[in-house]
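Residue numbering for the sequence shown follows our numbering, beginning at 88 and increasing consecutively.
Below you'll find the structure, written out as structure tokens, and then a few comments.
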Amino acid sequence: MTYEPTVFADMAGRTVAVTGAARGIGEAHVLALVRNGVNVVAGDLDEEAMADTAKRLGEECRGGATIVPMGIDVTRAEDHHALAQHALERFGTLDGWINNAGRYALGDVLETSGAEFTRMHEVHVLGASFGVQAAVPAMGKSGGAIVNVASIAAYVVRARSGAYSASKAAVEHLTKFQAVELGPRGVRVNAVAPGMIDTDMLSSLNGGNGMPQSAVESVPLRRIGTPGEVSDTVLFLLSDASRFVTGHTLVVDGGGRHR
Ligand SMILES: NC(=O)c1ccc[n+]([C@@H]2O[C@H](COP(=O)([O-])OP(=O)(O)OC[C@H]3O[C@@H](n4cnc5c(N)ncnc54)[C@H](O)[C@@H]3O)[C@@H](O)[C@H]2O)c1
Numbered sequence: 088m089t090y091e092p093t094v095f096a097d098m099a100g101r102t103v104a105v106t107g108a109a110r111g112i113g114e115a116h117v118l119a120l121v122r123n124g125v126n127v128v129a130g131d132l133d134e135e136a137m138a139d140t141a142k143r144l145g146e147e148c149r150g151g152a153t154i155v156p157m158g159i160d161v162t163r164a165e166d167h168h169a170l171a172q173h174a175l176e177r178f179g180t181l182d183g184w185i186n187n188a189g190r191y192a193l194g195d196v197l198e199t200s201g202a203e204f205t206r207m208h209e210v211h212v213l214g215a216s217f218g219v220q221a222a223v224p225a226m227g228k229s230g231g232a233i234v235n236v237a238s239i240a241a242y243v244v245r246a247r248s249g250a251y252s253a254s255k256a257a258v259e260h261l262t263k264f265q266a267v268e269l270g271p272r273g274v275r276v277n278a279v280a281p282g283m284i285d286t287d288m289l290s291s292l293n294g295g296n297g298m299p300q301s302a303v304e305s306v307p308l309r310r311i312g313t314p315g316e317v318s319d320t321v322l323f324l325l326s327d328a329s330r331f332v333t334g335h336t337l338v339v340d341g342g343g344r345h346r
């Protein structure tokens, strides 16, 4: 990864948990955090890839930051609690949490199975809910900031994406309830809604062949986004620069939702 993350001076010395951190946008969050001097507890279903990514990004750490990798499944509440516990045991504090893990599958509305709908819902909606339930007690009286990764699929209708899009719309809406209920405890909860971002998930949509030119030209900025462009936005939402922002979803899509 060759991008230079934006630096938010107040982030140094904090601890943040990231789910789905082995690759793609999650990996970019880890890179941006450690370049900002933030300790990271990084969880992913793919434990081996998570360990490899943590090792590779270890060279990118600044200001004494450390990455602790873990195998987790975000559909299991206990795995979120283990991630939070790890943060407290290793670093003595938990200041931020990014519910990033996700999956994608295409399917017509008439054909999508109950199992597929359930899995989408479990990974995205339960994942974001269990993450918040583990993060908030671990943050304690000092509070913190949480970011859920939704999608522009929450707003726009693209063929054969019903199960994914409905689950991301639920994450976007859940974010507002989490913000309202947790604001009095000093916890801010926001979301980002990425558009087309250059990761394995996006390339899997087109058989690994990159995005068709017509899709790229539908974006006003005339390109797809990079994982780091999502991470810079997430870091803004975790940092004190956004200290009066909560319950908001920041769209990171080059304007694509308006076409
Ligand atoms: N790439 C895009 O264009 C795009 C657009 C909008 C939203 N998003 C969202 O951004 C997030 C990251 O996507 P990405 O493009 O980096 O995807 P990716 O497929 O490249 O990476 C997703 C990561 O999540 C992990 N994961 C999946 N299920 C998990 C589970 N149950 N528990 C723990 N980890 C799990 C995977 O192992 C993988 O490492 C997802 O929530 C996705 O829906 C991506």
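Idealized CB from N, CA, C, for every residue including glycine.
Only a predicted model underlies this, so the values are computations on that prediction, with no experimental measurement involved.
Would you mind working out which of the options sits nearest residue i, comparing C-alpha positions?
{"i": "I159", "options": "T153, V234, F217", "result": "F217"}
{"i": "L175", "options": "R101, A246, A215, E135", "result": "R101"}
{"i": "A240", "options": "H260, P314, V234", "result": "H260"}
{"i": "L181", "options": "G189, A171, R190", "result": "A171"}
{"i": "L118", "options": "W184, G145, H168", "result": "G145"}
{"i": "V243", "options": "V332, M207, A253", "result": "A253"}
{"i": "T320", "options": "R143, A237, E198", "result": "A237"}
{"i": "M157", "options": "A202, A328, D166", "result": "D166"}
{"i": "E203", "options": "R149, G249, E147", "result": "G249"}
{"i": "V306", "options": "T313, M283, A256, A257", "result": "M283"}
{"i": "P271", "options": "S301, T333, F323", "result": "T333"}
{"i": "E134", "options": "N123, A109, H116", "result": "A109"}
{"i": "M137", "options": "I154, N126, N123", "result": "I154"}
Less than 8 Å between the CB atoms is what I'm expecting for residue i and residue j, so what's the real figure, rounded?
{"i": "G113", "j": "N187", "result": "5 Å"}
{"i": "V210", "j": "T162", "result": "6 Å"}
{"i": "A152", "j": "V103", "result": "Going by Cβ atoms, the distance from A152 to V103 rounds to 10 Å, so no, they are not a contact pair."}
{"i": "P314", "j": "T286", "result": "6 Å"}
Taking the alpha-carbon positions, what's the residue i to residue j distance?
{"i": "M298", "j": "D131", "result": "26 Å"}
{"i": "R128", "j": "T106", "result": "The residue you asked about is not Arg; residue 128 is Val in the sequence shown. Their Cα atoms are separated by approximately 9 Å."}
{"i": "G231", "j": "G273", "result": "7 Å"}
{"i": "K228", "j": "A221", "result": "14 Å"}
{"i": "V303", "j": "G342", "result": "11 Å"}
{"i": "G183", "j": "S290", "result": "29 Å"}
{"i": "V339", "j": "F178", "result": "31 Å"}
{"i": "I233", "j": "G111", "result": "19 Å"}
{"i": "L324", "j": "N277", "result": "7 Å"}
{"i": "I185", "j": "S301", "result": "32 Å"}
Along the alpha helix (DSSP H) that carries residue i, what are the first and last residues, could you check?
{"i": "R206", "result": "201–208"}
{"i": "T262", "result": "249–269"}
{"i": "A138", "result": "134–144"}
Which two residues bound the contiguous beta strand (DSSP E) that contains residue i?
{"i": "M157", "result": "154–158"}
{"i": "V125", "result": "From DSSP, V125 is part of no beta strand (DSSP E); its letter is neither H nor E."}
{"i": "G183", "result": "183–186"}
{"i": "A246", "result": "Run containing A246: none; DSSP gives neither H nor E here."}
{"i": "V212", "result": "From DSSP, V212 is part of no beta strand (DSSP E); its letter is neither H nor E."}
Just grab the DSSP bridge partners of residue i for me.
{"i": "L337", "result": "V279"}
{"i": "N235", "result": "N186, A278"}
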